Amino acid sequence: MGAASLAAPTGSRIASLLDSLEILPTSLVSAARVLALTNDPDSDMSEFADAVGIDPALTAKVLALVNSAFYGVSRSVTSVRQAVTLIGTHNLRVLSVTYCLAGLHHQWRLPQNAAHDVWEASVCKAAAAALVARGIPGADEGHAFSAALLSDIGITLLLAAGQERYAEILRNTEIDIPRQMALEREQFGEDHASLSGRLAALLRLPEPLRSDVAVHHALGPESGGPSLPARIAALLPHSLYAWRAADHAALAALLSAEAGQRWSGLDAFVAELQGEFERVSRVCNPGCGAAPSLAELSAQAAAMATREATRLVAQNAGLLNQNIALLGAKENAEARAAELETRALLDPLTRLLNRDGMKESFAESLRDDPGSSVAVLLIDLDDFKRVNDVHGHCAGDAVLVECGRRVTAAARDADLVTRWGGDEFVVVLRGLQQGECGAIAARLHAAICGTPAAHNGVTIPLSVSIGASWAQSPLETPLEALIERADAVMYEAKHAHGRTEQR
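Following this line, the structure appears as structure tokens:
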């Protein structure tokens, strides 16, 4: 069957679905209103509360979120205005725009698994755009988030119209985004970017959001196309479980060319994106399970590229080159397996060692050097609960990441820096004299507390208490005992208003 005969009935179905949006679900109206208010510097909280209040489902979602353990309020919140004030306009924007997607999925009767896949991929793209925008002077992080989140609403429409036939295109990992869009035009008469622009107009989204949604796959800002945050988000997969090797390689090249000073490579970007993705997912759905591991999905895409390269070499270079390539593929697979095993030993938020990672690294250190002394510094953030209560959990996460970064920068290369749990960090040091521990603890204290942390334009002062313990022989004094001793000393320091103590 030819492309023209396929496009005609589907085109009628698309037109019918677009016509059905002439009467918008209230969730879509609410989302558009919230977006308009966030772009209006004169808007106030009562207007946001009114925008939420026109939709019972969105009202219920907002109240459920603010009364969840995620916010930890001491009394039940039943007022929409109070809930909106506590959530803040940034999180309200995230929540309402994701509800806009949910409203489309419901109205078009999208299968639940398909709706979830599209939602998850859209949230990942939005988190990526916001992350990139955060490092660009003058960029609007909220706008970048919303534009990326809504950029693929045309995919929702094509899934509703084409069902399994279009799902096969999304799952095809042997093509790239330009080829996908060509197939969309062949089979449906229009690609998803064009449909996203038409939907943005129907949903009455404000400018420039409407235009940015329509051009998110264009070449770049110099041609009237999208900004760097939008271009990076657009190269992330439309289904997280079908990350195409060609798009994966294009994203790595774009990051290297235009964001190389910020990220050393795609793996570093994906590692930071994982934390952002998880935070946004918790805001949208605080009861949701763990977000997918972007690092593992990225590794699968890279492995796919390796397999494809191996196949081409084998075809063109004969049996000898085929065997060499297969050997290289095996080595790559073994290296990737080791990398994935390493990731299980890292804290997903700070990318520092977790407890298991620290214990394994320390055991390796003992095998290499059983005789050197060992010191433990246990660092605890003072009054961290207040950071979460006053500034929100996203700010709290940002503080933890920044503290981890400062500790790592101030520590020696061989030191084991660990996020021990909650607001505590542990540093394990080898080969020190006992008298050196206090000076290193003081250096770490100054590195952490010397300047405030910053989140979304707000400065957050930092204060820590540090306990230190030391043993001449790690074989005579187990690491667990040293950590317990440092923990007890840290609490003595905390009661002494943030001094460092040693025992």
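When the count follows the working numbering, it moves up by one through the sequence shown with no breaks and lands on 502 for the last residue. Every residue, glycine too, gets a C-beta built ideally from N, C-alpha and C. Small disclaimer: the values here were computed from a predicted structure and weren't measured.
Classified as exposed, His494 has fewer than 16 neighbouring CB atoms from the shown chains inside 10 Å of its CB. The stretch 123-138 and the stretch 169-185 do not touch, with fewer than three beta-carbon pairs separated by less than 8 Å. Take the alpha-carbon of Leu365 and the one of Glu359: they are about 10 Å apart. For Arg197, the uninterrupted alpha helix (DSSP H) segment begins and ends at 191-201. Nearest to Ala485 by alpha-carbon distance, out of Pro236, Glu475, Leu474, Ser464, is Ser464. The straight-line gap separating the alpha-carbon atoms of Ala252 and Asp355 is approximately 34 Å. Val416 is the residue among His390, Val416, Asp367 whose C-alpha sits nearest the C-alpha of Arg350.
Under the three-state reduction of DSSP, Leu348 is assigned to coil, being neither helix nor strand.
Distances from the alpha-carbon of Phe424 to those of Cys436, Ile439, Cys402, Arg442 put Cys402 closest. Of the residues Gly421, Val427, Arg405, the one whose Cα lies closest to the Cα of Glu363 is Val427. Proximity of the stretch 474-481 to the stretch 439-448 falls short of the contact definition, fewer than three beta-carbon pairs being nearer than 8 Å. Contact between Cys393 and Arg261 fails: their C-beta atoms lie close to 20 Å from each other, not under 8 Å.
Looking at the backbone, the Cα of Leu156 and that of Leu91 are separated by about 25 Å. Under the three-state reduction of DSSP, Thr88 is assigned to helix. Going by DSSP, Arg429 is part of the beta strand (DSSP E) stretching over 423-429. From the listed residues Leu198, Arg418, Arg164, Phe276, the smallest Cα separation to Glu185 is found for Arg164.
Our two residues, Arg80 and Asp43, have alpha carbons roughly 10 Å apart in a direct line.
Just so you know, the alpha carbons of Leu64 and Ser372 end up roughly 49 Å apart. Looking at the DSSP output, Arg418 shares a beta bridge with Phe424.
In summary, Ala408 is exposed, with fewer than 16 beta-carbon neighbours lying within 10 Å of its beta-carbon over all protein chains present. For Leu380, the secondary structure class from DSSP, reduced to helix, strand or coil, is strand.
In the three-state scheme derived from DSSP, where H, G and I count as helix and E and B as strand, His215 is classed as coil.
The beta carbon of Leu380 lies closer than 6 Å to those of Asp422, Val463 in the same chain, with the five residues before and after it left out.
If you ignore the 5 residues before and after His216, its C-beta comes within less than 6 Å of the C-beta of Ala192, Ala233, all in its own chain and listed in chain order. In the three-state DSSP reduction, Ser15 falls in the helix class (H, G or I).
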